[in-house]
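Numbering (our numbering), first residue to last: 16 to 373.
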């Protein structure tokens, strides 16, 4: 990505929604390798909140302002003491290692952020201005080429375990890939991903009791992801791998959205496209009907519906109706959250679909 000759000198704060239930994190694939570093859960949450509040296609808007009380809510505390906030922010300024498969073999070391300005009001609530470094912009903006993982900020806010956070991102990445919804990972690889390589976790029973069971309970209870897992035994009956299976995706927080002059997500979830007992579905016709019925006030003409229908079928090389439904729900939610004006919503949705096709 070409470097900017000059960075903006005056912060240009974005107008992204403040409600965390409407915020979507768009994390580039290289940034996912941060799970291999020593970053804490609090640091991951602040980074994700930052990523959810920028426009990843506009480098001018690298400055983000967390209004009073936002960070407290994101971190799950009623009040952050000054020293605690200082320590959590300082962790984001350390040099981290990023694995980038788009470059020659090796790794990159950068600092993610260059500035954090915190102000406290009389009630003890903090307002924080945060800006990433020019080096980090390569992995934060214009991420379509290197690929990225989108997920709801709400899904990680309530997590209290770093292990749950890392495992959630791993499972969510697999769920949104074109691979099977059931797969096997070597036990040693899973332990390495979760940074559980100490002797404490050598025996599977301890690893399962201390990590896997607790992560399974927390992820199933606090996110929209539902999964199961089972141990796989190799020679000598020793457990050598774990089989994960994605069971269902609970999109209640999406299907609860019913905003005026916007596509109603309940309509999407209730269509034939989303029903598991549907064997013979005309996907093109269903998508057209879905978009036509869901667009209020005739927002999308039949011609626009056909364009979107063709783009969706190209963006998702799958004949699985649940895959198509989940994908469309995500795209519609992003359009509802980020499209700047009603007259630009169609172009915005088409651009997102075209980016995924690329």
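All C-beta atoms, glycine included, are put in the ideal place defined by N, C-alpha and C.
For residue 146, tell me which candidate among 170, 215, 173, 64 has the shortest Cα-Cα distance.
For this step, residue 146 is matched to residue 131 along the chain shown. Cα-wise, what sits closest to residue 146 is 64.
Considering Cα atoms alone, identify which of 180, 248, 365, 368 is closest to residue 50.
Along the chain shown, read from residue 1 onward, the residue named residue 50 stands at position 35. That would be 180, whose Cα lies nearest to the Cα of residue 50.
Going by Cα to Cα distance, which pick from 345, 160, 322 is closest to residue 45?
Here the question's residue 45 lines up with position 30 in the chain shown. If we check each option's Cα against that of residue 45, 160 comes out closest.
For residue 258, count neighbouring C-beta atoms within 10 Å of its own C-beta (all shown protein chains included) and say buried if the count is 16 or more, exposed if not.
What you label residue 258 is simply residue 243 of the chain shown in a count that begins at 1. The residue is exposed, with fewer than 16 neighbouring Cβ atoms inside 10 Å.
By Cβ distance below 6 Å, which residues in the same chain neighbour residue 165 in space, the five residues on each side in sequence not counted?
For this step, residue 165 is matched to residue 150 along the chain shown. Taken in chain order, the residues that qualify are 39, 41.
Could you tell me the alpha carbon to alpha carbon distance between residue 116 and residue 137, rounded to whole angstroms?
Counted from its first residue, the chain shown places residue 116 at position 101. Counted from its first residue, the chain shown places residue 137 at position 122. Each residue's alpha carbon lies about 47 Å from the other.
On the three-state DSSP scale, how would you describe residue 359?
Within the chain shown, numbered from 1, the residue matching residue 359 stands at position 344. Here residue 359 sits in helix by DSSP.
Does the beta-carbon distance from residue 200 to residue 66 come in below 8 Å?
Taking the first residue of the chain shown as 1, we reach residue 200 at position 185. Taking the first residue of the chain shown as 1, we reach residue 66 at position 51. No.
Can you give me the Cβ contacts of residue 55 inside the same chain, cut-off strictly under 7 Å, excluding the 5 residues immediately before and after it?
Here residue 55 refers to the residue found at position 40 when the chain shown is read from its first residue. The residues are 106, 177.
Strictly by DSSP, which residues pair up with residue 113?
Sequence index remark: in the chain shown, residue 113 carries index 98 (1-based). Residue 113 pairs with 123.
May I have the straight-line CA-CA distance separating residue 230 from residue 73, to the nearest angstrom?
On the chain shown, position 215 is the one that residue 230 refers to. On the chain shown, position 58 is the one that residue 73 refers to. Between residue 230 and residue 73, the C-alpha separation is close to 35 Å.
Does the region 85-97 come close enough to the region 125-141 that 3 or more CB-CB pairs lie under 8 Å?
Yes: the two stretches touch, three or more of their Cβ pairs being nearer than 8 Å.
Which term fits residue 43, buried or exposed, when burial requires 16 or more other beta carbons within 10 angstroms of its beta carbon?
By one-based count along the chain shown, residue 43 stands at place 28. Buried, by the Cβ-count rule.
Can you give the Cα-Cα distance for residue 114 and residue 125, rounded to whole angstroms?
For the purposes of this step, residue 114 is taken as residue 99 along the chain shown, with counting starting at 1. For the purposes of this step, residue 125 is taken as residue 110 along the chain shown, with counting starting at 1. Those two C-alpha atoms are separated by around 11 Å.
Can you find a CB in chain D that lies within less than 8 Å of the CB of residue 113?
Annotation note: the requested chain D is absent from the structure, which comprises a single protein chain.
Go to residue 98, then tell me how far its alpha helix (DSSP H) extends in each direction, as first and last residue.
Within the chain shown, residue 98 is the residue found at index 83, counting from 1. From DSSP, the alpha helix (DSSP H) with residue 98 extends over 97-106.
How is residue 144 classed by DSSP in three states: helix, strand or coil?
Along the chain shown, read from residue 1 onward, the residue named residue 144 stands at position 129. Of the three classes helix, strand and coil, the one that applies to residue 144 here is strand, per DSSP.
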